Each structure stands twice: as structure tokens, then as C-alpha cells.
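Scroll down for the structure; my scribbles are underneath it.
There are 2 protein chains.
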Amino acid sequence: MVKINDNFLKLPGSYLFSEVARRIAAYNAAHPEAEIIKLSIGDVTRPLVPAVTQAMHAAVDEMGTAEGFHGYGPEQGYEFLRQAIAQGDYASRGVDIQPNEIFVSDGAKSDCGNIGDIFGTDNIVAICDPVYPVYVDTNAMAGRAGEYQEELGRWSRLIYMPCVEANGFAPEPIRERADIIYICSPNNPTGAVMSREKLKAWVDYANANGSVILFDSAYEAFVASEDVPHTIFEIEGARTCAIEFRSFSKTAGFTGNRCAYTVVPMELERGGAKLNTLWNRRQCTKFNGVPYVVQRGAAAVYTPEGRAQIMANIGYYRENARIIREGLSAAGLTCFGGVDAPYIWLKTPDGVGSWDFFDQVLNRANVATTPGAGFGPSGESYIRLTAFGEAQATRTAVERVRNMFR
Amino acid sequence: MVKINDNFLKLPGSYLFSEVARRIAAYNAAHPEAEIIKLSIGDVTRPLVPAVTQAMHAAVDEMGTAEGFHGYGPEQGYEFLRQAIAQGDYASRGVDIQPNEIFVSDGAKSDCGNIGDIFGTDNIVAICDPVYPVYVDTNAMAGRAGEYQEELGRWSRLIYMPCVEANGFAPEPIRERADIIYICSPNNPTGAVMSREKLKAWVDYANANGSVILFDSAYEAFVASEDVPHTIFEIEGARTCAIEFRSFSKTAGFTGNRCAYTVVPMELERGGAKLNTLWNRRQCTKFNGVPYVVQRGAAAVYTPEGRAQIMANIGYYRENARIIREGLSAAGLTCFGGVDAPYIWLKTPDGVGSWDFFDQVLNRANVATTPGAGFGPSGESYIRLTAFGEAQATRTAVERVRNMFR
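Spelled out as C-alpha cells, the structure:
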């Protein structure tokens, strides 16, 4: 009799987004005339830029000819894209990352989950609280999280690092030993960023303890502040302790186009093995590369036209973030994030619970948000607002929420 | 200190294809004038058909507009594609598979590997010998294969089912208990197929033992014989014991376009859990769907024009297979496969070793092949030839090999 992976049975339902959808639908049914604006979506809304669609059209044409056809590509990604990434995202910032340290993939979500394959199941994992659920669930599936404690909303074997107002929503290195540490900066859901100094402390911690930092910078394109690193490899010592996950999803609107990459430096060794070699073997065995057409689209992001066009879109979302942040702050609400990130982390007034405030805003302003408690216990009394909507709708939503407090 | 997954260190190097490439390169260097024809490639060479490129162009255009833009799609695939698959690959053959039993993915290789996530690591796995290396390596990575025994070229905990001339290269159910059984039909590398009768015996075995059959039919489009099933779900009882992997790679030339799907029937339960639910959770957590543009291309395969166009390509490869099979048989060589599959499994004359015959054919006919021994011990004294080349080159290659035996 086949044995299933029992760890799957320990997973609680993915309650957050389904419950948000259920409450919106219920409100809609009761108030069919209401025009609900969603500041809850974590997906981009601007179309692909012309440089990208032109490159994809050209690649589709190639694929339709005998001379231009591309079959299996390298599992690690085409050299033209790995080179463009090495140059455009690293060398241009004075960071030396070689193409053979870059693994092109179908998504940062896939890689953040799949990277677990190369690590033993007995490692101690540290995550932020609140947190992007994929880090938790993939470790739970692999058996690293222990048992789920319903009453606490926590797993028994994970180390939770509270991200709260007092630490700027960016934890300092912990006292306990953690083998694998997930850091997401700019952060989903809080919109906070790790300063150079704090990130250096984590790099030092990891090198001292033989830990590995899994650095998720899917929202890197939103970094605007001078003192915020764009890549962990700007930090001295990171090449011996960090793996970086990057994505074209938010940078270039690729959520429906599926392209990302993971950087595993050659110096990163544990247990006598190069992690680059292990990840390469994992990818060659369980992955077969990203579509040629998509890789051509991604490479176009690094052309001067592509760069200008995607930055215009990022600017559009940034302006939304500013409108939300400034508009709600002016109404007396306390907002975090939204400067170097597309997410605004709003403190509920008078410590009202996340879900209660979610309901208030939905009922009184007809604006959908995401309750912070859904991302972890320390998210209680916060809600997440996103800057990915349409500009006019975003203005209207902010105006409506402001009116709640007049 | 982080612990790596030690199972990775047990994996022997992936010797086969690198050694083939090395020998070809060495011969080329010594004989720069030689025009080597590769009957070794397992990749398609015909371009994408017009119905597919037209659909992809239209989808790229959509993605470039605010109204037509698609962000995150359903992790399981768009309904339009799941419907088209359910209708085109199943209902059309009288097989009832519902769209919610179909999971669209980026490749059968990915799915064949990732499916292991939902099973415990203590299951006993049975594979064919010779075999597609992904089944072995992914189980070795997960710790299900035991230790690698260098001298035998085998893993200690896997059950190897010899596929030899006596059983038509398709094993009967075994006496031992196997929890997970990989069956690939049409087979890579032997080109053999499982008859309805033999497949029924396996389905009965699996249902009697609570096993799960992982049925890889990536080469289904090549099935021509009446008595060969196109899907395992043509077999009574399969819905309670089988998962099927299908791909657009060989069907529609998508090796560089990356689209496949996996069918997990609703009735398939083990340990009180629906495997459909487990796989859905796995995919939602560690995968984010296939590019919209690619899914539109895949859906075009099911239109009347798309169907006619891809079948013309399959016909082209089939004709290559016929030329290889008949040409070499007429020269007194013994060939298997190549009727319902793009692979011809050639028995070496006088029991010569795979690698020796590979060298002979390379040196004397300037034709590259793949030594059968590379796929497992029972592949010794066979070589694999593929029908994916250009028609004229394939004819020339066959002529050259024939001349070796004149």
C-alpha cells in the first residue's frame, strides 16, 4: 500500500484569500449596487510593455520556422538571458555575479519552494511573522515545520521572528541557532525593507553559524531609497551564505508570463558540497527550462527601451503607493511601507482586529483589503493594501476610506 | 550548520549524454571533414505549426493591452485548456476525465519528478530497466532509492523490472510488493508499448496491492496500432490506481514551449486522502501556472486546423521511424519499436556491447546514436535511434549504416 506524505495532512486550509473572497462575495450579494475597489490584489494590472511583446512576437515567428526553431533549451536558461541578468541586475550595480551562478526559472514561488529539495529535513528554519505563506507551507510539506498548533496558529519546529513596529518590521539576528533563514525585502506583506546594516548583521550571523539565508527580493524593482540594498550580494560576505530569488513578475509584469531567477554563488558550500552544483542537479533532473519565447521577452527588459518602459510602469504603481500612504496618513491613520515596496501596512485604529477592520472598510468604504492576521499572529491589527490597482480607482478608494474618519 | 540533502551526494554523474557528446566531439576533432548525422537526439526538430504560432501571437497581443492582459492564472491551468484536453484527449476516445482532474504544467519531466512530493519516502518503487533516468534520480534525491551500487549500476531499494526481448520489452506484474510503479508507454528508450491486456494486469495488481501506477505517455501521439491504449484510463479500474502524465512536447513540438499535463482521478485515494487534493495543494504551493501565451498555443492544438497540422508533423517523424526500421531490418539487423513510438531499439549484431557498437557506427558510418546500456543494465547490446531528425538526413544515415553490413 502506497504511503502518502503525511505532512500534507497537517497543513491547515489556505484560509486567508478564500475567506477574503467569501466575505467580498457575501457583501456583493447583499449590496449588488456597491462598486467594490480591490486594494487587496497582489497581482499586477499594467499590460506587458511594447519592448517585451515585440521580442515575444519575434520569438514566436522564429519558433514557426525550421531555422529559428528552438527545442529543449538549457535547464538553467539561455546564455543570452543569464548574461543580460548578470550585466543588468548585478554588474551595473558593481556586484559580480557570473551567468553560471544564475538559474532562470518559471517563478520565485517555485524556486522558494523547490530549493528545499537540496536541504536535509532536519534543519531548523526561521521565518518572519507575518510571512508569505509559501515559505511555511513548503517546509511543512517537507517535514521541517513539525506539528501545526491550531490554537497558536504556529508550527512547532519553526522559529518565528516577529516583525513589529519596534524593529521597523525587520528583525535583528536571533539568539537561537537557525539553519535556514528566509528574508523577504522589500517585504510582502509589510512593505518594509532591510537596511544594509541589518542585512550585514544577518550575513555575519549566517557565516558564523553555517546557516543559509534565502533572500527573496521579488519586489526589488520598487527599491527607491539610497540606503536600501537592491541585492543581498551588495553585502560583504553574502557570497558564502546567501541564495537570492528574483522575479520578472513585479519588475516587468510577468505574473502571467512566468519568469524568474535564482542566484547561487559558487563560494556557497555546506557539508563539503557546492550548493550551486546541488541546485544545478536538482534543476536538470526536475525542470526543463523556461519557454524560449518567454526568455526572449525577459531579455528585452534589459534593453534601453525595455528598461524605460518597465520603469514607467513601476512609477505608475509607486504613485499609487504614494497616494495610499499620504492619503491615509493625512486622515490620521498610521501607515508603514509603500516607499520601497508596493505594499502599505496599515495599523488599524485603536487596535481593532484585522478582520474587524477589514469588515468595516469593506462595509463602509466598499474597499477590499487583506487582513494582516492572515499572514501570521504579529499581523494582527494590521491590514495590507496594494498599489497594483488602476490609478483612478486607487484615488477613489483612498478617498472613501478617508471619509470613514471625517 | 545547515545540513544538505545527503541523497544528492549519492547520485552518480549523469554520464550517458555527456559521454555521447564527448565521443562525438573527439571524433569530430580528429575528422573535421566528417558530416555526422545525429540519430541520437530525443528532441523534436519541426517548427511549431501555424495554428499554434497564430494563437500565441494573438495571446501576446492580448497581453500588451490593458483589457486583454492576464496576470496570475489558475495554478492548475486555464479552464479553456483543461476543457480542450478533457474533450480532445479523453471524451473523444470515450474516456471520462473531468477538467478538475487535469493539472496543466510546464513539463512531464517536472511532474514526474515533483509528484514524489505527495508520497512518503518509505515507499517501494518499481521501475523498468532500461529506464528514463528522471524516475530513478528523483526518487534517489527523495531517499527512496537506497544506496547506489556502483558495480551493479543499480540502487539498493529500487525494484528493477527487466524489459527484454522475451517479454516484448514490457514487463508483467511482479511478485514482490511495489508501492509506486513507473510505466512509460510508448516507451523511452525501447519504443515498446504496453498492450491493453498487459496494462490491465498492472491495473489489477495496483488495485489489489494499494499501489499507484505513474503512467508516462508523453509519446502517446505516436500510437498507431489498434490494440494499444492511448491512455491508461481506457483500462477498467485505472481511476482508482493511476496517475497519467502527458505532454505537448512530442505531440506538438513544444519541447521549447513547455506545456504538459497530469491527470489525477477523483477516485484515487490512499491513506484516506484524495491524491487529487494533495497534488492540487502541492501545485498551488510550489507552482504558479503555465504562461498564458503558451496555454493559448496549447489550446490551438485541439482546433481542426491545429490537429491536422500537428498530425502532419507526427506523420513526418513516423515516416523517419519507418525508414530506419525497415532500412536496417532489410540489412539484416534486428529492430524493435518505431511503430507506435519515435524510438527504434536496435539489437547490436553478435551481442556486441552498446558502447562498442556506438563507436563502430560513429566511426564507420558517421552516425551518432545512444548506447542502450546508458539507460540501465538490460539495455546492454542495444542502441537507441530516434526519428526526430530531418527526413533526408535520416535516409542518408540509414544508408550509411546499411553499408557497414554489405
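Protein chains in written order, with this note's numbering: chain Y, 1 to 406; chain A, 407 to 812.
Ideal placement from N, C-alpha and C gives every residue a C-beta, glycine not left out.
None of these values were measured; they are calculated from a predicted model.
- A direct Cα-to-Cα measurement between A:T709 and A:A435 gives close to 47 Å.
- For A:E507, the number of other beta carbons within 10 angstroms of its own is at least 16, and it is reported as buried.
- Chain order gives the chain Y residues near A:N411 as D117, I118, F119, G120, where near means a beta carbon separation below 7 Å.
- Short of 6 Å from the beta carbon of A:C665, and not among the five residues preceding or following it, lie these beta carbons of its own chain, in chain order: F654, V696, V700, A704.
- Less than 8 Å divides the Cβ of A:A799 from the Cβ of A:I443.
- Chain-order list of chain Y residues neighbouring A:D585: M1, V2, K3, by C-beta distance under 9 Å.
- For Y:N209, a Cβ of chain A is located within less than 8 Å of the residue's own Cβ.
- For A:Y667, the uninterrupted beta strand (DSSP E) segment begins and ends at 666-669.
- Counting along the chain, Y:V212 sits inside the beta strand (DSSP E) bounded by residues 212-216.
- With contacts defined by Cβ atoms closer than 8 Å, A:D523 and A:A630 do not form a contacting pair.
- An exposed status is given to A:R602, since fewer than 16 other beta-carbon atoms sit within 10 Å of its beta-carbon.
- Y:N403 and Y:A365 have their C-alpha atoms some 8 Å from each other.
- Counting C-beta pairs closer than 8 Å gives fewer than three between the stretch 657-675 of chain A and the stretch 80-87 of chain Y, which falls short of the contact rule.
- In this structure, the straight-line span from the alpha carbon of A:Q689 to that of Y:F103 is close to 21 Å.
- Between Y:T138 and A:T691, the beta carbon gap of about 6 Å places them in contact (Cβ cut-off 8 Å).
- Secondary structure remark: continuous alpha helix (DSSP H) runs of at least 4 residues inside the stretch 28-90 of chain Y, in chain order: 50-63, 79-85.
- Listed as beta-bridge partners of Y:A242 by DSSP are Y:I213.
- By the rule that beta-carbons nearer than 8 Å mark a contact, Y:F222 does not touch chain A.
- When Y:M1, Y:L9, Y:V2, Y:K3 are compared, the shortest CA-CA separation from A:N686 is found for Y:L9.
- Contact between A:I730 and A:L791 is confirmed by a C-beta separation of about 5 Å, below the 8 Å threshold.
- Excluding residues up to 5 positions away in sequence, R808, F811 lie with their Cβ nearer than 6 Å to the Cβ of A:A737 in the same chain.
- If you ignore the 5 residues before and after Y:M56, its C-beta comes within less than 7 Å of the C-beta of V293, R296, G297, all in its own chain and listed in chain order.
- Note on the stretch 121-160 of chain Y: whole beta strand (DSSP E) runs with a minimum of 3 residues are 125-129, in chain order.
- Apart from the 5 residues on each side of it in sequence, Y:N320 sits with its Cβ closer than 7 Å to the Cβ of A387, G389, A391, T394 in its chain, given in chain order.
- The criterion of a C-beta distance shorter than 8 Å is not satisfied by A:I586 and A:V537.
- For Y:V104, the enclosing beta strand (DSSP E) stretches over residues 102-105.
- The three-state reading of DSSP puts Y:K3 in coil, since its state is none of H, G, I, E or B.
- Within the stretch 671-689 of chain A, the residues whose Cβ lies closer than 8 Å to some Cβ of chain Y are R676, G677, A679, L681, L684, R687, R688, listed in chain order.
- Around Y:V44, the beta-carbon contacts reaching into chain A at under 7 Å are G477.
- With the rule of 3 Cβ pairs closer than 8 Å, the stretch 68-80 of chain Y does not count as touching the stretch 227-234 of chain Y.
- Checking the DSSP bridge columns, you'll see A:V773 partnered with A:I443.
- Just so you know, the alpha carbons of Y:N187 and A:A584 end up roughly 46 Å apart.
- Per the DSSP secondary-structure output, Y:L275 pairs with nothing in a beta bridge.
- DSSP lists A:C741, A:I789 as the beta-bridge partner residues of A:L752.
- In the three-state reduction of the DSSP assignment, Y:R270 falls in the strand class, which pools E and B.
- At a Cβ-Cβ threshold of 8 Å, Y:I383 and Y:L333 do not count as neighbours.
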